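In this note's numbering, the protein residues as written are 19 to 384.
Every residue, glycine too, gets a C-beta built ideally from N, C-alpha and C.
Everything numeric in this text was worked out from a predicted model, so none of it was measured.
Notes follow the structure.
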Ligand code: HEM
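Have a look at this one:
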């Protein structure tokens, strides 16, 4: 292997093992305890996950820092997208890495499971740190689980556990990625109207209302069509369409006031052909892809667990598979998923205004 590993400054020349800290790294798998191959495999798999988590935490902070600046320089958006892509690939890799774990048979695991005591992935402080930086809130968690509750108990056990708690408490004070993204979306020019401009509120309200009128109209037309065709349970169908219209109103105008970040997101998703919105669109797609890869990572973990321990209670005391399946419902970037429900086909969108602001040559509809 080439490369020289000589990055340590003038005169210093690393060896491969020295640069990577391999001697230390390879002494951390408990060989000295005379463990079985199965248990070594269990440890190595966990450790590789945790190493990737460490990298993900760095990447997430970098993306958050880029988006948290008040005027994100255009050149920085592709950078954020690159880092998002890396995190997504790491989660894809990890989602398939559960397959290696699955080569552990149920009985092979039972042979050393008791030795774990109450140790559990529940205590992965890096997993919690990732979730906190992303912006997963306590209320969004299953049974409103307090992500730090468990770590407060552990913290009494020693310095390292206390440090893990301190780390999570500090992370909770930081701006989350979802907050940074939302603030960035809020500044999207909508129908050529700029955030903070004198008549911006009115322009955005008009846009949102026009969209909502079209959306509600489609639901009403669809339910009338179904009624004419004699669809079963028409009252239930009508109620469903009415709830969908109300859902769209609640999404765009919670408490009667326009939510500008969601309106910006709707605009980006609706007018995907606008050149100036190309990078914002790619960024939004990259965040959706990241969350999708995390959900699949959680789903594959649950299936692997079901295969190895069935429906047993977890070593951390949770309901096991049921708990893990519940975590697959988490959506940190809920707005990015939610907006999809209320999109309209191109012909029914509100007519674009001020298209030239977005570098759009125009199609004569302005
Ligand atoms: C035989 C292999 C494994 C089994 C049977 C297993 C089982 C479980 C169970 C039952 C839980 C729920 C909490 C509890 O009650 O303990 C859990 C949580 C967790 N496990 Fe695993 N796991 C395995 C391997 C791994 C590996 C290799 C990782 C990699 C780091 C991992 C990471 C996690 C994390 C991060 C959680 C917390 C999930 C959350 O709260 O959102 N697990 N695991």
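Item	Value
Heavy atom of the ligand HEM within 6 angstroms of residue 145 beta-carbon	yes
Secondary structure of residue 372, DSSP reduced to three states	coil
Coil, strand or helix - residue 288 by DSSP	helix
Outcome for residue 382 when other beta-carbon atoms lying within 10 angstroms are tallied against a minimum of 16	Note on residue 382: pLDDT 46, under 50, position unreliable in the model; the coordinate value appears next. By the 10 Å Cβ count, residue 382 comes out exposed.
Where residue 137 falls, given that 16 or more other Cβ within 10 Å makes a residue buried	exposed
Unbroken stretches of the alpha helix (DSSP H), 4 residues or longer, contained in the region 329-369	339-345 and 352-356
Chain-order list of residues whose beta-carbon lies under 8 angstroms from that of residue 156 (same chain, five-residue window excluded)	162, 163, 164 and 165
Neighbourhood of residue 290 by C-beta, 8 angstroms cutoff - its chain only, sequence neighbours within 5 removed	299
Distance cut-off 6 angstroms: residue 326 Cβ against heavy atoms of the ligand HEM	yes
Residue nearest to residue 230 in terms of C-alpha spacing, selected from 256, 276, 242 and 244	276
Outcome for residue 123 when other beta-carbon atoms lying within 10 angstroms are tallied against a minimum of 16	exposed
Endpoints, alpha helix (DSSP H) assigned at residue 209	That residue, residue 209, is in no alpha helix (DSSP H); it is neither H nor E in DSSP.
Residue 207 versus 238, 85, 292 and 261, residue with shortest Cα-Cα distance	292
C-beta contact flag for residue 244 and residue 116 at 7 angstroms	no
Span separating the alpha-carbon of residue 421 from that of residue 348	A question about residue 421 goes unanswered here, because the residues of the chain that appear run from 19 up to 384.
Exposure of residue 329, with buried meaning 16 or more beta-carbon neighbours within 10 Å	exposed
Contact check, residue 144 vs residue 60, beta carbons under 7 angstroms	no
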